[in-house]
């Protein structure tokens, strides 16, 4: 992945594993390499992203914020599944993933198996739609081991 070729093909990466196995470390390393190569890159925790999207919605700035996060060639969304995402936040998250689908690369870290995302997003159909777009052109990397 040092070449970051996945970004040229607008592929995604999903790191799945329990807490402490290095998912965020790996995602951050890819992000740093992206920055070194001049690739527009943004790192954000999922809870912070959802809060920003919901605040923008209340302020009437949804379009502006969605455009901002859709433009990065690499968007790293860390810790999906640590906190539940309510319906409005899930819909906004879907809109962002839809805008990025087949256009940009998204890196996800999660401790939740993909089969359980319906519980995280409070809407199983919406969770499936999000997963379809993330996994369609993705390298899914399951990391096992003990927390370090």
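Residue numbers (the UniProt record's numbering): 1 to 148.
Every residue gets a Cβ at the ideal spot worked out from N, C-alpha and C, and that includes glycine.
Residues of the same chain with a CB within less than 6 Å of the CB of residue 112, apart from the 5 flanking positions on each side, are 81 and 120 in chain order. Pairing residue 34 with residue 4, the inter-Cα distance amounts to about 7 Å. In the same chain as residue 36, and ignoring 5 residues on each side of it, no C-beta atom comes closer than 8 Å to its own. Annotated as distal: residue 26 and residue 108, with beta-carbon spacing of 7 Å or more.
For residue 41, the closest alpha carbon among the candidates 88, 7 and 122 is that of 7. CA-CA distance, residue 98 to residue 133, rounds to 7 Å. DSSP places residue 140 in no alpha helix (DSSP H) but in the uninterrupted beta strand (DSSP E) bounded by 138-143.
Within the DSSP bridge table, the entry for residue 122 names no partner. Given a length threshold of 3 residues, each whole run of the beta strand (DSSP E) inside the region 60-91 is given here in chain order: 74-80.
Beyond the five residues adjoining it in sequence on each side, residue 90 comes within less than 7 Å, by CB distance, of 121, 122, 123 and 126 in the same chain, given in chain order. With a threshold of 16 other beta carbon atoms within 10 Å, residue 85 meets it and is buried. In this structure the region 40-55 does not lie against the region 15-23, because fewer than three pairs of beta carbons, one per stretch, are closer than 8 Å.
Taking C-beta atoms under 8 Å as the contact rule, residue 95 and residue 131 fail to qualify, at a distance of about 15 Å. A straight line joining the alpha-carbon of residue 53 with that of residue 100 spans about 15 Å. For residue 30, there is no enclosing beta strand (DSSP E); the residue is found in the alpha helix (DSSP H) stretching over 23-36.
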